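Trainee: Under the numbering used here, read the sequence shown as residues 8 to 165, first letter to last.
Yeah, the Cβ is synthetic: ideal placement off N, Cα and C, and Gly gets one too.
As the structure is a computational prediction, the values presented were derived from the model and not from experiment.
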Amino acid sequence: MIIDPAQPWGVAIDYAGRATVTDGGHSIDIRIHDTTMGGPLEVDPMTGEYPQVYVTAQLGRAGTAGSSLRGSGLVILNAQGGLPVVPNQEAVRDAVAAALADFETRRTAYAALCAAWAPPTPDPTPQPTPEPTPEPTPEPTPEQPTPEPTKPEAAPVQ
8 MIIDPAQPWG
18 VAIDYAGRAT
28 VTDGGHSIDI
38 RIHDTTMGGP
48 LEVDPMTGEY
58 PQVYVTAQLG
68 RAGTAGSSLR
78 GSGLVILNAQ
88 GGLPVVPNQE
98 AVRDAVAAAL
108 ADFETRRTAY
118 AALCAAWAPP
128 TPDPTPQPTP
138 EPTPEPTPEP
148 TPEQPTPEPT
158 KPEAAPVQ
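1) Counting pairs of Cβ atoms below 8 Å between the segment 52-59 and the segment 87-104, do you hit three or more?
2) Below 8 Å on the Cβ atoms is my guess for Leu76 versus Arg113; work out the distance and round it to an integer in Å.
3) Ends of the beta strand (DSSP E) at Gln65?
4) Distance check for Gln134 and Ala122, CA to CA, integer angstroms please.
5) Per DSSP, which one or two residues make a beta bridge with Thr7?
6) Using the Cα positions of Ile20 and Val103, report the straight-line distance between them to the nearest angstrom.
7) Using three-state DSSP, classify Gly73 as helix, strand or coil.
8) Quick check: what's the CA-CA separation for Gln87 versus Asn95?
9) Under 7 Å between the Cβ atoms of Leu66 and His40?
10) What does Asp41 pair with, by DSSP beta-bridge criteria?
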C-alpha cells in the first residue's frame, strides 16, 4: 500500500472515517473510529485518558456457489499522557497488511478444506463385454403333406 504523505492517516478518509484502497489486486475498505459514538472527544473519567482509536481494514471476495472469503485487520491506537490519539499513517498500512494476511490464511484453509471434502474420483467403469452374436435360426421348412396310401386299407370290422 502506498501511503499518501499529504493525508494525516495516509489515505483520504471521508467525514465518517471511511476510505477504500487497492492493494494486492484487492479493494480494501478502511474505517477509522473511536468509542465515542460520534459525541465530543472527552477524557474518560475512569482512566483519565482519551478513547482508543480503531483502524480496521476488511476485504472480501465472492466465489462460486455463494461462497465468499473475507480478511480483516485491526490496529488499536491508545491515547497516552492525557493526550488524544494523533493520526498515524503506519496504522492504516499495518491494518491493510493484516487484512491481506488474514485473507490469504483463510484462502489456504478453504482450499485445504475443499481438497479434503472433494468426492473421490470414481473408478473407471469397465466396458461391458459384448454379447455373442446368436447364430441365425434356420427358417422352418414347410411340412410336407402325408402321402396318400396306395393300397386302400380294409374297412374296419364291426
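Mentor: Put simply:
1) Yes, since at least three Cβ pairs between the segment 52-59 and the segment 87-104 fall closer than 8 Å, the two stretches touch.
2) 5 Å between Cβ atoms; contact.
3) Element bounds for Gln65: Val60 to Ala69.
4) A direct Cα-to-Cα measurement between Ala122 and Gln134 gives close to 29 Å.
5) Here the chain comprises residues numbered 8 to 165, so residue 7 is not present and cannot be evaluated.
6) Roughly 15 Å separates the two Cα atoms.
7) In the structure shown, Gly73 adopts helical secondary structure according to DSSP, grouped into three states.
8) The alpha-carbon atoms of Gln87 and Asn95 are separated by roughly 14 Å.
9) No, these two residues do not count as a Cβ contact at 7 Å.
10) Answer by DSSP bridge pairing, in chain order: Val60.
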